[in-house]
Ligand code: PEP
């Protein structure tokens with residue numbers, strides 16, 4: 041089980057410190073579930089200082105596929121490691137939609153993350169149009185197979201997949217527990233096929249899309265739902281901690 045908060049482009053340094061302290065005291069020591077915060081790049085260092093020793097891990101929201109070089113405005117995997125990141129979110133639908141990320145670029149970044157011992161949280165998910173056209177399983181299969189191509193993984197803890205239907209992100213519209221269960225089962229079979237039975241069975245598959253304290257329990261109790269990637273509700277320490285408790289209860 042893993043609950044990761046994606047703060048997106050929110051919170052300056054002072055606000056990031058305040059929320060991190062709030063999360064640390066509201067969550068306490070995580071029991072049987074992983075917890076991570078993914079702030080904007082400029083808040084990573086300060087957030088790590090407050091998280092260090094708490095059991096709550098740090099993640100970034102994106103990274104470049106090269107180690108260093110003439111890539112103005114970009115941040116590399118070694119830089120993320122140096123400020124204490126354990127995770128990096130890759131291929132979030134906002135990056136796919138607004139910044140032209142493709143399955144191929146997500147794959148290059150995932151390979152790079154693994155080679156620097158960062159755990160990629162690879163996001164997949166269909167648009168409303170694709171769901172309405174009953175193409176969601178095919179679209180997600182393409183994203184999973186292409187995004188995870190050629191990855192050499194020796195343990196299931198080296199990678200995380202997040203299913204985030206685009207129509208449920210930041211809209212207040214959550215996928216139903218049945219829809220989530222069906223897609224997570226589909227992704228589980230793909231992971232078993234891509235890697236092997238043991239590794240594919242152990243990889244955490246998170247659900248993301250308007251998860252709140254009020255709906256987290258019914259989602260996390262479903263098979264193959266191994267936690268959540270939380271956007272809006274991660275900006276409130278009490279809400280985020282309540283979602284973590286739902287994951288702890290389901291673990
Ligand atoms: C997200 O940004 O990954 C997300 C799931 O956002 P929200 O929880 O706000 O829908």
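Numbering (the working numbering), first residue to last: 41 to 291. All residues carry an ideal CB built from backbone N, CA and C; glycine is no exception.
8 Å is my cut-off, CB to CB: does residue 105 come that close to chain D?
The structure shown contains no chain D, having only a single protein chain.
Q) Is residue 282 near ligand 1, going by C-beta to nearest heavy atom under 7 Å? A) Against the chain shown, residue 282 aligns to sequence position 242. Residue 282: no, Cβ never under 7 Å from ligand 1.
*State yes or no: is the C-beta of residue 258 nearer than 7 Å to some heavy atom of ligand 1?*
The count along the chain shown starts at 1 and reaches residue 258 at position 218. Relative to ligand 1, even the nearest heavy atom lies 7 Å or more away from the CB of residue 258.
- Task: Any chance you could list the alpha helix (DSSP H) runs of at least 4 consecutive residues sitting entirely within the region 197-259, in chain order?
- Result: Runs of the alpha helix (DSSP H) lying entirely within the region 197-259, each at least 4 residues long, are 217-234 and 237-242 in chain order.
### Query
Given residue 144, which residues of its chain have a CB within under 8 Å of its CB, disregarding the five upstream and five downstream residues?
Position 104 of the chain shown, counting from 1, holds the residue named residue 144. Excluding positions up to five away in sequence, the list reads 186.
* Going by DSSP, name the residue or residues bridged to residue 75. => Position 35 of the chain shown, counted from the first residue, corresponds to residue 75. Answer by DSSP bridge pairing, in chain order: 43.
Next item on the list: Mind the definition here: the region 268-278 touches the region 225-237 only if three or more C-beta pairs lie below 8 Å; say whether that holds.
Entry: Touching, no.
| said: Which residues does DSSP list as the beta-bridge partners of residue 97? | reply: Within the chain shown, numbered from 1, the residue matching residue 97 stands at position 57. Residue 97 pairs with 76.
Can you name the residues that DSSP bridges to residue 130? Numbered from its first residue, the chain shown carries residue 130 at position 90. The partner list for residue 130 (beta bridge, DSSP) reads 162.
Can you give the Cα-Cα distance for residue 250 and residue 266, rounded to whole angstroms?
Walking along the chain shown from the start, residue 250 turns up at place 210. Walking along the chain shown from the start, residue 266 turns up at place 226. Cα to Cα, the separation comes out at about 16 Å.
Worksheet item: Taking all protein chains shown into account, do 16 or more other C-beta atoms lie within 10 angstroms of the C-beta of residue 138, making it buried, or fewer, making it exposed?
Response: Residue 138 sits at position 98 when you count from the first residue of the chain shown. Counting C-beta atoms within 10 angstroms of its own C-beta, residue 138 has fewer than 16 neighbours from the protein chains shown and is therefore classed as exposed.
Check for me: the alpha helix (DSSP H) holding residue 91 runs from which residue to which?
In the chain shown, counting from the first residue as 1, residue 91 sits at position 51. Here the alpha helix (DSSP H) through residue 91 covers 84-91.
Original post:
residue 269 bridges to which residues according to DSSP?
Top reply: The residue you call residue 269 lines up with position 229 of the chain shown. Note: residue 269 sits in a beta bridge opposite 44 and 248.
_Please identify the residue among 269, 158, 88 and 111 whose C-alpha is closest to the C-alpha of residue 209._
Taking the first residue of the chain shown as 1, we reach residue 209 at position 169. The residue with the shortest Cα to Cα distance from residue 209 is 269.
Next item on the list: With DSSP as the reference, please indicate the residues paired to residue 125 in a beta bridge.
Entry: Position 85 of the chain shown, counting from 1, holds the residue named residue 125. In the DSSP assignment, residue 125 forms a beta bridge with 98.
Check whether the Cβ atoms of residue 234 and residue 253 lie closer than 8 Å to each other.
-> Within the chain shown, the letter at position 194 stands for residue 234. Within the chain shown, the letter at position 213 stands for residue 253. No.
query = Taking DSSP as the reference, what is the three-state secondary structure of residue 81?
reply = Within the chain shown, the letter at position 41 stands for residue 81. In this structure, residue 81 counts as helix in the three-state DSSP scheme.
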